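Enquirer:
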Amino acid sequence: MSITDEHIFPFCVTAHSFNHDKSQVAVCPNSNEVHIYARSGTQWTPLHVLKEHDLLVTSVDWAPRTNRIVTCSQDKNAYVWTLDEVANVWKPTLVHLRINRAATQARWSPMEDKFAVASGDKCVAICYFGEDNDWW
38 MSITDEHIFP FCVTAHSFNH DKSQVAVCPN SNEVHIYARS GTQWTPLHVL
88 KEHDLLVTSV DWAPRTNRIV TCSQDKNAYV WTLDEVANVW KPTLVHLRIN
138 RAATQARWSP MEDKFAVASG DKCVAICYFG EDNDWW
């Protein structure tokens with residue numbers, strides 16, 4: 038296997054996910070933030086910083102069709118991020134996980150209407166959007 042492209046970030050990347058056409062990438066620089074970069078020629082330029090988590094972000098997943106990002110963290114929370122294209126700002130929505138330990142992994146379902154979040158207490162939360170209450 039050969040490397041098709043390489044970029045060295047000035048920090049340790051602990052989680053990452055690409056958008057649908059791989060023109061943008063969301064990375065966690067071993068902190069409670071997620072940085073979004075856009076490809077500009079052979080370089081990656083910073084676009085956004087997602088800041089809601091209190092502790093280390095452990096997982097990032099970018100849904101290709103709906104363009105939503107789900108993040109989870111050691112703070113036992115998950116957020117679904119939706120891009121407000123008019124304001125060019127990512128809006129967070131807190132997810133009610135009801136877990137007792139750190140959230141360790143988050144992944145969208147193939148239909149992108151649900152996602153799963155694994156945790157350190159050996160359980161997996163399956164999350165979906167509740168239109169009645171307007172929350173995940």
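Residue numbers (this note's numbering): 38 to 173. Every residue gets a Cβ at the ideal spot worked out from N, C-alpha and C, and that includes glycine. All figures in this text were calculated on a predicted structure; none of them were measured in a lab.
In chain order, what residues of the same chain have a beta carbon less than 6 Å from the beta carbon of T175, not counting five sequence neighbours either side?
Expert: The chain is shown only over 38 to 173; residue 175 falls outside these bounds and no answer can be derived.
Enquirer: Return the bridge partner residues of V50 from the DSSP annotation.
Expert: Paired residues: none, contrary to the question.
Enquirer: Suppose the cutoff is 6 Å on Cβ atoms and the five residues either side in sequence are ignored; what does the same chain contact list for W177 look like?
Expert: As shown, the chain starts at 38 and ends at 173. That puts residue 177 outside it, with no answer to give.
Enquirer: Measure from the alpha carbon of H57 to the alpha carbon of each residue in V50, R102 and W172, then state which is nearest.
Expert: Among V50, R102 and W172, the Cα nearest to that of H57 is on R102.
Enquirer: To the nearest angstrom, how far is it from the Cα of S156 to the Cα of E89?
Expert: The alpha-carbon atoms of S156 and E89 are separated by roughly 19 Å.
Enquirer: So, under 8 Å CB-CB, R135 and A162 are touching, yes? Tell me the CB distance rounded to an integer number of Å.
Expert: Contact holds; Cβ gap of about 7 Å.
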